[in-house]
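A.B. asks: Structure in structure tokens, see below.
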Amino acid sequence: MIDLRLVRDDPDRIRASQRARGEAESLVDALLDADAVRRAAVARADGLRAEHKSGSNAIRHASNDERPQLIAKAKHLADEVKAAEADEAAADEALHAAQTAIPNIVEDGTPPGGEDDFVVLDVVRTPPTVDEPRDHTEIGAALRAIDTERGAKVSGARFYFLTGVGAQLEFALVNLAMAQAIDAGFVPIVAPSLVKPEIMQGTGFLGAHSAEVYHLEQDDMYLVGTSEVALAGYHSNEILETLPLRYAGFSSCFRREAGSYGKDTRGIIRVHWFDKVEMFSYVTLDESQDEHQRLLAWEREFMDKLELAYRVIDVAAGDLGSSAARKFDIEAWFPSQGAYRELTSTSNCTTFQSRRLNIRTRTDAGNQHVATLNGTLCAVARTIACLFDHHQQPDGSVYVPAALRPYLGGRELLSP
RNA sequence: GGAGGCUUCGCCUAGUCUGGUCUAUGGCGCCGCACUGCUAAUGCGGUUUGGGUCUAAAGCCCAUCCCGGGUUCGAAUCCCGGAGCCUCCGCCA
410 MIDLRLVRDD PDRIRASQRA RGEAESLVDA LLDADAVRRA AVARADGLRA
460 EHKSGSNAIR HASNDERPQL IAKAKHLADE VKAAEADEAA ADEALHAAQT
510 AIPNIVEDGT PPGGEDDFVV LDVVRTPPTV DEPRDHTEIG AALRAIDTER
560 GAKVSGARFY FLTGVGAQLE FALVNLAMAQ AIDAGFVPIV APSLVKPEIM
610 QGTGFLGAHS AEVYHLEQDD MYLVGTSEVA LAGYHSNEIL ETLPLRYAGF
660 SSCFRREAGS YGKDTRGIIR VHWFDKVEMF SYVTLDESQD EHQRLLAWER
710 EFMDKLELAY RVIDVAAGDL GSSAARKFDI EAWFPSQGAY RELTSTSNCT
760 TFQSRRLNIR TRTDAGNQHV ATLNGTLCAV ARTIACLFDH HQQPDGSVYV
810 PAALRPYLGG RELLSP
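What follows is the structure in structure tokens.
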């Protein structure tokens, strides 16, 4: 949810942002209209309420003679108040709808354009050269680490079992990620995967991409696609006394992957369920760009520990989620695909989420909404896929990066 | 799943039976000032959160006693529905 005051004071800035995203500028004018209508409705209802209130107070002190007349008058006013309040509620709802229709304001410096218009900020390490590379599905099967066939038998397409060393790898990666996060001062958290509608709504996942989200109709609960949701909801309706707050959340993540038919159908790169360690920061708005760089740096640190060749990209405006003002992805090299594929993503959501979730902090200038930022530390399934693909050896074994070995009993190679 | 209790402006709390200056009491904490020749004690004042009005500040107005309805001229208070928390019973990893 964007700042209404900013819309009033500087609508052109919002229009420019809409243009950059390739979205309708007319939504800004619709919002301005809805705001004016609401303010008029509020002023009218407030005035009537004040009149009615003083009328009611007068009844108490009135003599028996004047009382019936005053009551009749107050009765009439009460009806008017009721009608005015109905208008007010309708205007409120219309304003809210107009306000939620507009995505976050794009940060200055964001590349314009769509999905293919990202800017490469950095390229780290040389991709390994592998003759006739096998993909992670094949390697995972040979190592008896990933069982997609039984995943499909039990749960359907885009499900898998991690078995043996695959299961061990999951815990190794989670432990490595958590250890790094704790060292950096994050509070480790195990977060719920099921959340209420208002939390899902507040994080912006029920907008344009609501088809991506699993909904449990019987209970009106949502399965989260990332623990970002629960970590943002964690401080909803609170005034935070000390900033920054940094959490490293572990949870299972669920994605319907509607509209991605045919993409990555093989293996565990794109699945309906996976586990993830997610970084989440609450900071002041002024600090948010610096914090964004810090989150990116921690993501890079993790990639470095896994000894992966990767590049950092600055995602273009048209490819940002509705909550994000800026987004950086890290893409690691998959030899079998001959391509960089997204492994992590970090977004600065500025005050977009905190407005809907009502999260503020005290400042000299009054209570201000905080900025929220999120960043992947390790999405387990995809990271395992990448490790197998990236670190495969000619003899069919997989090289284990040094940082991971302590969590895998010291093994340097995984062999069939 | 069954029975009962609870929910008040940071925390604790009075008020709810018996509707009306409740414009919500007091304590703790916090902030400011005063005093004291110690970062103690004391005194005084302030301290919910939103919205509207206003060039701005001040001021004024409206809302807010878990949430949503209802009764009434008038609801923290009465009625209905819901949520959350606690206790006990049942079931359960």
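Here the numbering used here is used: the first sequence runs in plain steps of one and ends on residue 825.
Just so you know, even glycine gets a beta-carbon here, dropped at the ideal spot from N, CA and C.
Only a predicted model underlies this, so the values are computations on that prediction, with no experimental measurement involved.
1) Out of I598, A551, C662, V583, which has the shortest C-alpha to C-alpha gap to E621?
2) So is L578 buried or exposed if we call it buried at 16+ other beta carbons inside 10 Å?
3) Name the two residues that bound the continuous alpha helix (DSSP H) containing Q610.
4) Here's the rule: buried if 16 or more other CB atoms are within 10 angstroms of the residue's CB, otherwise exposed. What is Q589?
5) At the level of alpha carbons, what is the spacing between F570 and A439?
6) Note the first and the last residue of the continuous beta strand (DSSP E) segment covering C787.
7) Applying the 10 Å Cβ sphere with the 16-neighbour rule, what's the burial state of Q702?
8) Give the C-beta separation of T572 and D556 to the nearest angstrom, bearing in mind that I take them to be a contact with Cβ-Cβ under 8 Å.
9) Residues in the same chain with beta-carbon distance under 6 Å from T519, minus the five sequence neighbours each way, listed in chain order, please.
10) Find the nearest neighbour of H644 within the set G611, Y670, A667, judged by alpha-carbon distance.
11) Given N757, which residues of its chain have a CB within under 8 Å of its CB, disregarding the five upstream and five downstream residues?
12) Just checking my contact of D531 with V721 at CB under 8 Å: how many whole Å lie between their CB atoms?
13) Taking the alpha helix (DSSP H) that I648 belongs to, which residues open and close that run?
14) For the alpha helix (DSSP H) containing E494, list its first residue and its last residue.
15) Which partner residues of K685 appear in the DSSP bridge assignment?
16) Kindly indicate which three-state DSSP category M587 falls into: helix, strand or coil?
17) Tell me which same chain residues have a C-beta within less than 7 Å of the C-beta of V574, skipping the five on either side of it?
18) Straight-line CA distance for D501 to S619?
19) Would the beta-carbon of I548 fall within 8 Å of that of S426?
20) Determine the direct distance from the alpha carbon of S463 to that of R453, and round the result to whole angstroms.
21) What's the gap between the Cα of V686 and the Cα of G658?
22) So for Y816, helix, strand or coil by DSSP?
23) From A667 to V633, what distance separates their C-alpha atoms?
24) If you scan the region 414 to 478 from start to end, which runs of the alpha helix (DSSP H) of 4 or more residues do you find wholly inside it?
25) Which residues bound the beta strand (DSSP E) around R750?
26) With distances taken from CA atoms, which of V416, R665, F568, A429 is nearest A790?
27) Who are the near neighbours of E494 in its chain, counting only those whose CB is closer than 7 Å to its CB and skipping five residues on each side?
C.D. replies: Let me lay it out:
1) As a working mapping, residue 621 is identified with position 212 in the first sequence. Closest option to E621, Cα to Cα, is C662.
2) On the first sequence, position 169 is the one that residue 578 refers to. So L578 counts as buried.
3) The sequence position of residue 610 within the first sequence is 201, counting from 1. In the DSSP annotation of this structure, the continuous segment of the alpha helix (DSSP H) that includes Q610 starts and ends at 606 to 611.
4) Looking up residue 589 in the first sequence gives position 180. Buried: at least 16 other Cβ atoms inside 10 Å.
5) In the first sequence, counting from the first residue as 1, residue 570 sits at position 161. In the first sequence, counting from the first residue as 1, residue 439 sits at position 30. C-alpha separation (whole angstroms): 49 Å.
6) Within the first sequence, numbered from 1, the residue matching residue 787 stands at position 378. Counting along the chain, the beta strand (DSSP E) containing C787 begins and ends at 780 to 788.
7) By one-based count along the first sequence, residue 702 stands at place 293. By the neighbour-count rule (16 or more Cβ atoms within 10 Å), Q702 is not buried but exposed.
8) Working through the first sequence from its first residue, we reach residue 572 at position 163. Working through the first sequence from its first residue, we reach residue 556 at position 147. Contact holds; Cβ gap of about 5 Å.
9) The count along the first sequence starts at 1 and reaches residue 519 at position 110. Cβ neighbours of T519 beyond the five flanking positions: A726, R735.
10) Indexing the first sequence from 1 puts residue 644 at position 235. It is G611.
11) For the purposes of this step, residue 757 is identified with residue 348 of the first sequence, where counting begins at 1. Hits under 8 Å: E516, S697, Q698, E700, H701, A733, A734, R735, K736, A780, L782.
12) As a position in the first sequence, residue 531 is number 122, starting the count at 1. As a position in the first sequence, residue 721 is number 312, starting the count at 1. Confirmed, about 4 Å.
13) One-based indexing of the first sequence puts residue 648 at position 239. No alpha helix (DSSP H) holds I648; the beta strand (DSSP E) holding it covers 647 to 649.
14) Along the first sequence, read from residue 1 onward, the residue named residue 494 stands at position 85. Unbroken alpha helix (DSSP H) run through E494: 476 to 509.
15) Translated into positions along the first sequence, residue 685 becomes position 276. Paired residues: S660, A788.
16) In the first sequence, the residue the question calls residue 587 occupies position 178. The answer is helix: DSSP assigns M587 an H, G or I state.
17) If you number the first sequence from 1, residue 574 lands on position 165. In chain order, L552, A554, L823 place their CB closer than 7 Å to the CB of V574, counting only its own chain and leaving out the 5 sequence neighbours on each side.
18) As a first step, residue 501 must be located in the first sequence, where it is residue number 92. As a first step, residue 619 must be located in the first sequence, where it is residue number 210. Roughly 23 Å between the two C-alpha positions.
19) On the first sequence, position 139 is the one that residue 548 refers to. On the first sequence, position 17 is the one that residue 426 refers to. No, these two residues do not count as a Cβ contact at 8 Å.
20) Translated into positions along the first sequence, residue 453 becomes position 44. Translated into positions along the first sequence, residue 463 becomes position 54. Each residue's Cα considered, the two are about 16 Å apart.
21) Taking the first sequence and counting its residues from 1, one reaches residue 686 at position 277. Taking the first sequence and counting its residues from 1, one reaches residue 658 at position 249. Between V686 and G658, the C-alpha separation is close to 5 Å.
22) For the purposes of this step, residue 816 is identified with residue 407 of the first sequence, where counting begins at 1. Reduced to three states, the DSSP call for Y816 is helix.
23) As a working note, residue 667 is residue 258 in the first sequence. As a working note, residue 633 is residue 224 in the first sequence. Our two residues, A667 and V633, have alpha carbons roughly 15 Å apart in a direct line.
24) 420 to 430, 435 to 470
25) In the first sequence, the residue the question calls residue 750 occupies position 341. Unbroken beta strand (DSSP E) run through R750: 748 to 757.
26) As a first step, residue 790 must be located in the first sequence, where it is residue number 381. Here the closest residue by C-alpha is F568.
27) For the purposes of this step, residue 494 is taken as the residue at position 85 of the first sequence. Taken in chain order, the residues that qualify are A454.
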